[in-house]
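Number of protein chains: 2
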Amino acid sequence: MSPPEKVDVAFRPVRAGNAFEETVERLLQAIKLGAVAPGDRLPPERDLASRLGISRVTLREAIRALQESGYVEVRRGRYGGAFVVYQAPRPARGDLERAIADLGDRLGDVLTFRMAVECGAAEALASADLSPEALETLERRLADVNAAGPDDYRRLDTAFHLAIAELTGSTLLAGACADARLRITDLLNAIPVLRRNIDHAAVQHEAIVSAIRRRDPRAARRAVREHLEGTAALLRGFLA
Amino acid sequence: MSPPEKVDVAFRPVRAGNAFEETVERLLQAIKLGAVAPGDRLPPERDLASRLGISRVTLREAIRALQESGYVEVRRGRYGGAFVVYQAPRPARGDLERAIADLGDRLGDVLTFRMAVECGAAEALASADLSPEALETLERRLADVNAAGPDDYRRLDTAFHLAIAELTGSTLLAGACADARLRITDLLNAIPVLRRNIDHAAVQHEAIVSAIRRRDPRAARRAVREHLEGTAALLRGFLA
DNA sequence: TGGTAAATGTCTGGAACCAGACCATTGACG
DNA sequence: CGTCAATGGTCTGGTTCCAGACATTTACCA
Numbered sequence: 001m002s003p004p005e006k007v008d009v010a011f012r013p014v015r016a017g018n019a020f021e022e023t024v025e026r027l028l029q030a031i032k033l034g035a036v037a038p039g040d041r042l043p044p045e046r047d048l049a050s051r052l053g054i055s056r057v058t059l060r061e062a063i064r065a066l067q068e069s070g071y072v073e074v075r076r077g078r079y080g081g082a083f084v085v086y087q088a089p090r091p092a093r094g095d096l097e098r099a100i101a102d103l104g105d106r107l108g109d110v111l112t113f114r115m116a117v118e119c120g121a122a123e124a125l126a127s128a129d130l131s132p133e134a135l136e137t138l139e140r141r142l143a144d145v146n147a148a149g150p151d152d153y154r155r156l157d158t159a160f161h162l163a164i165a166e167l168t169g170s171t172l173l174a175g176a177c178a179d180a181r182l183r184i185t186d187l188l189n190a191i192p193v194l195r196r197n198i199d200h201a202a203v204q205h206e207a208i209v210s211a212i213r214r215r216d217p218r219a220a221r222r223a224v225r226e227h228l229e230g231t232a233a234l235l236r237g238f239l240a
Numbered sequence: 001m002s003p004p005e006k007v008d009v010a011f012r013p014v015r016a017g018n019a020f021e022e023t024v025e026r027l028l029q030a031i032k033l034g035a036v037a038p039g040d041r042l043p044p045e046r047d048l049a050s051r052l053g054i055s056r057v058t059l060r061e062a063i064r065a066l067q068e069s070g071y072v073e074v075r076r077g078r079y080g081g082a083f084v085v086y087q088a089p090r091p092a093r094g095d096l097e098r099a100i101a102d103l104g105d106r107l108g109d110v111l112t113f114r115m116a117v118e119c120g121a122a123e124a125l126a127s128a129d130l131s132p133e134a135l136e137t138l139e140r141r142l143a144d145v146n147a148a149g150p151d152d153y154r155r156l157d158t159a160f161h162l163a164i165a166e167l168t169g170s171t172l173l174a175g176a177c178a179d180a181r182l183r184i185t186d187l188l189n190a191i192p193v194l195r196r197n198i199d200h201a202a203v204q205h206e207a208i209v210s211a212i213r214r215r216d217p218r219a220a221r222r223a224v225r226e227h228l229e230g231t232a233a234l235l236r237g238f239l240a
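Chain order of the listed sequences is B and L. Letter 179 of the first sequence, counting from 1, is numbered 179 in the UniProt record's numbering, and no numbers are missing. Letter 45 of the second sequence, counting from 1, is numbered 45 in the UniProt record's numbering, and no numbers are missing.
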């Protein structure tokens with residue numbers, strides 16, 4: 001037998017690192033991702049801390065960091081909370097290059113990962129026995145994206161993609177999709193939202209939902225694949 | 001627009017929980033997974049601690065727990081270390097039911113996740129431009145499984161599956177596959193290794209490698225899908 | 001036979017993190 | 001116009017976790 005079957009992936013890190021930094025990162029991504037729309041507020045500290053599995057103290061430190069960086073505005077009293085004041089800026093020339101450079105050689109990693117999990121989610125959803133409510137949620141997200149203005153587009157696009165993952169009912173898969181999306185948000189936000197691209201995406205989105213609706217896993221997968229490949233190709237192009 | 005697009009997956013836990021318990025779990029799974037064969041030793045404490053991203057103290061506590069449970073044997077001095085003494089027992093009647101009950105309603109979640117990431121990995125690998133060394137590694141793992149005795153089978157089967165993920169070069173995807181495998185190990189170990197099943201699996205493994213070799217992503221995906229679906233169906237059957 | 005390298009074993013001080021109790025503020029609503 | 005519930009703000013004591021220095025053990029090897 002061949003001796004060195006070192007499966008080093010079994011010894012990968014148990015924890016990501018510092019709880020505070022992780023939390024800042026998570027919240028920041030939740031904001032950029034649009035899980036909380038500008039003007040809305042984060043859940044109450046006690047709730048959020050328990051959902052994130054950290055103490056309120058640590059969460060508060062993270063929120064303060066976001067406050068000092070101008071992402072949220074904290075108000076006290078009843079109906080108070082941490083309100084999102086961040087509005088994703090229109091991408092400027094050079095943003096994309098910078099974001100890609102930040103990601104470094106992990107770009108390919110992320111793109112591969114995203115392709116695998118999002119295609120998998122779509123296929124799983126199209127194989128499942130969807131409740132009418134679930135289907136309605138999906139249609140609603142699709143309508144939201146189609147009705148979005150330029151400032152809302154990325155946010156609602158993300159919500160649509162993540163809805164597919166969440167509706168599979170697999171929290172592991174949904175988590176993986178969210179993770180993939182988080183890692184690529186900065187890149188997506190750096191791509192200008194052009195009319196032509198939106199229209200193209202809308203057709204593809206429709207194809208995805210249609211495949212899911214008629215329970216055609218292979219078509220669902222193919223549709224997602226084509227949808228993501230456009231972005232992937234664009235980004236990989238900047239590596240040359 | 002439809003107001004409540006609560007993407008609660010964005011607020012999922014930042015950290016898994018207790019570092020000590022997480023570490024015990026991880027090491028235990030690494031052993032059951034066969035990342036370290038019986039008789040072999042874990043990496044030195046300092047190495048391992050840094051790889052796992054925890055302190056040596058915490059790692060030592062975890063190792064001591066494994067020692068007291070009889071999984072490893074620790075020897076001091078040069079050429080010492082934590083040696084694996086655990087030999088996966090032949091599954092007994094009722095093990096599988098117990099393992100499934102332990103997993104509870106997360107079974108579907110795990111199966112869906114596993115299907116998505118392993119299919120994704122195979123497809124990605126079949127789309128990639130494999131180096132001769134990579135291909136050779138894959139062939140070697142395949143040969144290892146085919147040459148395995150009953151006691152080694154699960155371990156080498158795991159090594160084969162994880163090799164596919166690792167060779168994609170995407171650490172995220174490899175990590176996800178390892179994670180999926182970890183979560184399902186107890187189930188797999190509870191399934192008796194029958195001659196008939198081994199032969200069947202060997203044919204499917206060959207189909208997977210063959211598809212990768214001739215760079216046919218769709219065939220690779222389909223082969224993995226069929227391979228995993230057998231297990232999934234078997235397990236789901238126990239839910240009824 | 002003794003030196004040495006590589007490993008585990010032990011200790012200390014400090015940083016990070018937590019749980020929970022309590023305080024302060026605020027806007028809605030009766 | 002006062003009450004109150006929901007929220008952020010603060011404090012205390014304790015636990016977990018860490019980094020690093022130092023001690024001990026052991027097998028190879030000159």
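Ideal Cβ positions, reconstructed from N, Cα and C, are used throughout, including at glycine.
According to DSSP, is residue i helix, strand or coil?
i       : result
A82(B)  : strand
V57(L)  : helix
V203(L) : helix
L27(B)  : helix
L194(B) : coil
S50(L)  : helix
N18(L)  : coil
V9(B)   : helix
R175(B) : Going by the sequence as given, residue 175(B) is Gly instead of Arg. Reduced to three states, the DSSP call for G175(B) is helix.
R64(B)  : helix
R214(L) : coil
V36(B)  : coil
R183(B) : helix
State the start and end residues of the unbroken alpha helix (DSSP H) segment that holds residue i.
i       : result
V224(B) : P217 to G237
A121(B) : L107 to S127
P132(L) : P132 to A147
T158(L) : P150 to L167
A101(B) : D95 to L103
Taking only the alpha-carbon atoms, compute the straight-line gap between residue i and residue j and give it to the nearest angstrom.
i       : j       : result
R106(L) : I184(L) : 10 angstroms
R196(L) : D8(B)   : 31 angstroms
C119(L) : L48(B)  : 34 angstroms
E166(B) : A148(B) : 21 angstroms
G104(B) : E25(B)  : 18 angstroms
L66(B)  : V72(B)  : 6 angstroms
M115(L) : R78(L)  : 43 angstroms
A219(L) : S131(B) : 31 angstroms
L182(L) : G70(B)  : 41 angstroms
V74(L)  : V36(B)  : 50 angstroms
S175(L) : L42(B)  : Position check: residue 175(L) holds Gly in this sequence, whereas Ser was assumed. Rounded to whole angstroms, G175(L) to L42(B) spans 30 angstroms at the Cα level.
V145(B) : A126(B) : 20 angstroms
L111(B) : R76(L)  : 45 angstroms
L142(B) : L187(B) : 22 angstroms
A201(L) : L173(B) : 26 angstroms
I191(L) : A88(L)  : 12 angstroms
R140(L) : P91(L)  : 27 angstroms
G94(L)  : L27(L)  : 25 angstroms
D152(B) : H227(L) : 42 angstroms
E22(B)  : D179(B) : 13 angstroms
R46(L)  : R12(B)  : 14 angstroms
C177(L) : G108(B) : 17 angstroms
D199(L) : A10(B)  : 27 angstroms
So residue i and residue j are in contact, right, with Cβ under 8 angstroms, and what is the actual spacing, rounded?
i       : j       : result
T58(L)  : A82(L)  : In fact, because the Cβ distance is near 15 angstroms, the residues do not count as touching under 8 angstroms.
A128(B) : T168(B) : 7 angstroms
L33(B)  : T158(B) : 5 angstroms
A211(B) : A223(B) : 5 angstroms
I164(L) : A122(L) : 6 angstroms
P150(B) : V84(B)  : At roughly 18 angstroms, the Cβ-Cβ gap does not stay under 8 angstroms, so P150(B) and V84(B) are not in contact.
I63(B)  : V14(L)  : That pair is no contact at about 13 angstroms.
F238(L) : I100(L) : 5 angstroms
If you follow the beta strand (DSSP E) that residue i is part of, which residue opens it and which one closes it?
i      : result
R41(B) : Taken as a continuous stretch (DSSP letters only), R41(B) belongs to no beta strand (DSSP E), as it is neither H nor E.
List the residues that DSSP assigns as beta-bridge partners of residue i.
i      : result
E73(L) : F83(L)
Any heavy atom of the ligand MG closer than 8 angstroms to the CB of residue i?
i      : result
Y71(L) : Among the components of this structure there are no ligands whatsoever, and the ligand MG is therefore not found.
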